[in-house]
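**Q** Attaching a single structure in structure tokens format; questions to follow.
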Amino acid sequence: MKAILICPGYRPAVPQLLETGPLAAAPLLGETLLAYWLVHLASLGAKEVTILACDRPGAIRQLAGTGSRWGLRIKVVGEMHELTPAEARAKHGGGEGWLPAPHDAVRADCLPGMESHPLFESYAAWFAGIQAWQDRAITPDRTGIREISPGIRVGWQSRIPADAVLVAPCWIGEKVSLGGGVTIGPNAVIENRAVVGSGAEIVRSIVGPDTFVGDLTEISDSLATGDTLVNWQDGSSLQVSDEFLLCPLRRPSRDATEWFRRVAQALTGSSPALLPADRAVAPHA
Amino acid sequence: MKIENESDTLRISELRDLDEDRVLELSRGIRRALRPDVRAIELDLSQVRSIDSDGADMLVAIHDGVNRMGFMPAWRVVNPVPGVRQFLELVRLHRLFEILPARNATAA
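In order, the protein sequences belong to chains P and E.
Start counting at 1 in the first sequence, then tack on 253, and there's your number in my numbering.
Start counting at 1 in the second sequence, then tack on 6, and there's your number in my numbering.
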């Protein structure tokens, strides 16, 4: 069976989520939106998936690989703009062997089966969607995450001191290091490889992967990724200049393939390409 | 920078930076203006565009200096821009300084 998966392009309400990569590749409880959709399509019986990506298709290609991880054959197609499911069917569909509609062409702007929680309408929607997904995030292909008490999930190789206060619901990813006396939760997510310093308090917030949160800090109602703090309630953001308070543990590498693609497009005049791909499809932004 | 006494509140406004010179000036100004009946000190940070750990350190120094003089007023930060508010919350200064979204909110 075949299916088309449409990756979301630019969404003006959540610019910070686009900083590190395309939205479908944004970290989400140790996985990505793309991975959750591929698991879902595989569970529906799909064997071939065409992924349409208008924003940084190179990053999507790298993430999806051949699809063997999900038992799929995957083809990633770069598009100049985000197609609707109907446009995608018309352009890439045809022939036999498709999943029944609407699963034959789906847009990944929510988590599978959670159409009532569109993720990219605001930071609050993103936060709410992730909270709602915690119970379903341990998909059949995942190992290593365990529920140590009701509503408290912890990934493998994470270090949790005896005096840490974990308040459900909360999610602590893989290889996370928590300092003594931390308070995590309620409604907190610490993504993979994050380090939270002693005495810090993380409440109603998400700490991104590879992010350092300093001793005694307090993060509430926020998305903390690298050195950026976004208040998901009002959308305000802050870049923290003090590395002992909040900083990335790994600098994102530039996608050289993507850079060459944009330069090539600029030279051939095929698109307003030296702008980031997301800007290129949303000139009003 | 403007420092004025209004009833039992000492209001500090037109603060633009929280650098060392400004904070020394602010500290001296507060000491001069403090009266025994002052119950609250209100810092209007609406014109401060950004703050870092040095700025936060200076706010704490002013707070501690006044308290060491024997005054124990309530401290308020009024109308900070979102980034400044976020930073104050990150370093937990909202536990020391009540953060009010707008100056007239003190009446509420």
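A virtual CB, placed ideally from N, CA and C, is assigned to each residue, including glycine.
#1: Measure the beta-carbon distance from E/A62 to E/L99 and round it to whole angstroms, keeping in mind my assumption that it falls under 8 angstroms.
#2: Can you tell me whether DSSP reads P/A299 as helix, strand or coil?
#3: Nearest-angstrom Cα distance between P/G427 and P/T464?
#4: By DSSP, does P/Q486 sit in helix, in strand, or in coil?
#5: Look up P/P338 in the DSSP assignment and say whether it is helix, strand or coil.
#6: Whole alpha helix (DSSP H) runs in the region 320-398 of chain P with 4 or more residues, listed along the chain?
#7: Among P/W485, P/M254, P/L364 and P/G450, whose alpha-carbon lies nearest the alpha-carbon of P/D416?
#8: Please tell me whether P/W379 and P/R406 are closer than 8 angstroms, where the distance is taken between their beta carbons.
#9: Keeping to the same chain, check which residues put their C-beta closer than 8 angstroms to that of P/G298; ignore five residues upstream and five downstream.
#10: What does the alpha-carbon distance come out to for the pair P/T319 and P/Y289?
#11: Which whole-angstrom value describes the C-beta separation of P/D468 and E/S59, a residue pair presumed to lie in contact below a C-beta threshold of 8 angstroms?
#12: If I'm right that P/V448 touches P/S430 with Cβ under 8 angstroms, what's the distance once you round it to whole angstroms?
#13: Near P/S375, which residues of its chain fall below 6 angstroms by C-beta distance, leaving aside the five closest residues on each side in sequence?
#14: Can you tell me the Cβ-Cβ gap for P/A295 and P/T285, rounded? I've got them flagged as a contact below 8 angstroms.
#15: Tell me the DSSP secondary structure of E/S33 in three-state form.
#16: Taking only three categories from DSSP, how would you classify E/R28?
#17: Quick one: which chain P residues come within Cβ less than 7 angstroms of E/S59?
#18: In chain P, which residues lie with their C-beta within 8 angstroms of the C-beta of E/E95?
#19: Indicate the three-state DSSP secondary structure (helix, strand or coil) for P/W424 in the structure shown.
#20: Would you report the Cα separation of P/V466 and P/I455, rounded to the nearest angstrom?
#21: Which chain P residues sit within Cβ distance under 9 angstroms of E/R98?
#22: Give me the Cα-Cα distance between P/V292 and E/E20, rounded to the nearest whole angstrom.
#23: Do the region 32-47 of chain E and the region 12-19 of chain E meet, that is, are 3 or more Cβ pairs less than 8 angstroms apart?
#24: With DSSP collapsed to three states, give me the class of P/E444.
#25: Ignoring anything shorter than 4 residues or poking outside the region 261-314 of chain P, list the alpha helix (DSSP H) runs there in chain order.
#26: Enumerate in chain order the residues of its own chain whose CB-to-CB distance from P/H537 is below 6 angstroms, with the five nearest sequence positions on each side excluded.
#27: Is there at least one Cβ from chain P nearer than 8 angstroms to E/M7's Cβ?
#28: Taking only beta-carbon atoms, is E/P88 less than 8 angstroms away from chain P?
#29: So the alpha helix (DSSP H) E/D58 belongs to, where does it begin and stop?
#30: Quick check on DSSP: helix, strand or coil for P/F465?
#31: Going along the chain, which residues of the region 39-63 of chain E sit with their C-beta nearer than 7 angstroms to a C-beta in chain P?
#32: Tell whether a beta-carbon distance below 8 angstroms holds between P/I327 and P/A341.
#33: Which residues bound the beta strand (DSSP E) around E/E10?
#34: Pull up the distance between the alpha-carbon of P/E444 and that of E/I36, whole angstroms please.
#35: Is the region 297-311 of chain P close to the region 333-349 of chain P, with three or more CB pairs under 8 angstroms?
#36: Starting from E/P88 and walking both ways along the alpha helix (DSSP H), at which residues does that stretch end?
**A** The short version:
#1: 6 angstroms
#2: coil
#3: Contrary to the premise, residue 427 of chain P reads as Glu rather than Gly in this sequence. In a straight line, the C-alpha of P/E427 is about 13 angstroms away from that of P/T464.
#4: coil
#5: helix
#6: 338-345 and 376-386
#7: P/G450
#8: no
#9: M254 and L352
#10: 16 angstroms
#11: About 12 angstroms; that fails the 8 angstroms criterion.
#12: 5 angstroms
#13: A266
#14: Wrong, their Cβ atoms sit about 15 angstroms apart, outside the cutoff.
#15: helix
#16: helix
#17: D495 and L498
#18: E471 and S473
#19: strand
#20: 9 angstroms
#21: E454, L469, T470 and E471
#22: 56 angstroms
#23: yes
#24: coil
#25: 286-296
#26: Residue confidence is low: P/H537 scores 39 on pLDDT, short of 50, so the model does not pin down where it sits. No coordinate-derived value is stated.
#27: no
#28: yes
#29: No alpha helix (DSSP H) holds E/D58; DSSP gives it neither H nor E.
#30: strand
#31: D58 and S59
#32: no
#33: K8 to E12
#34: 45 angstroms
#35: yes
#36: P88 to L96
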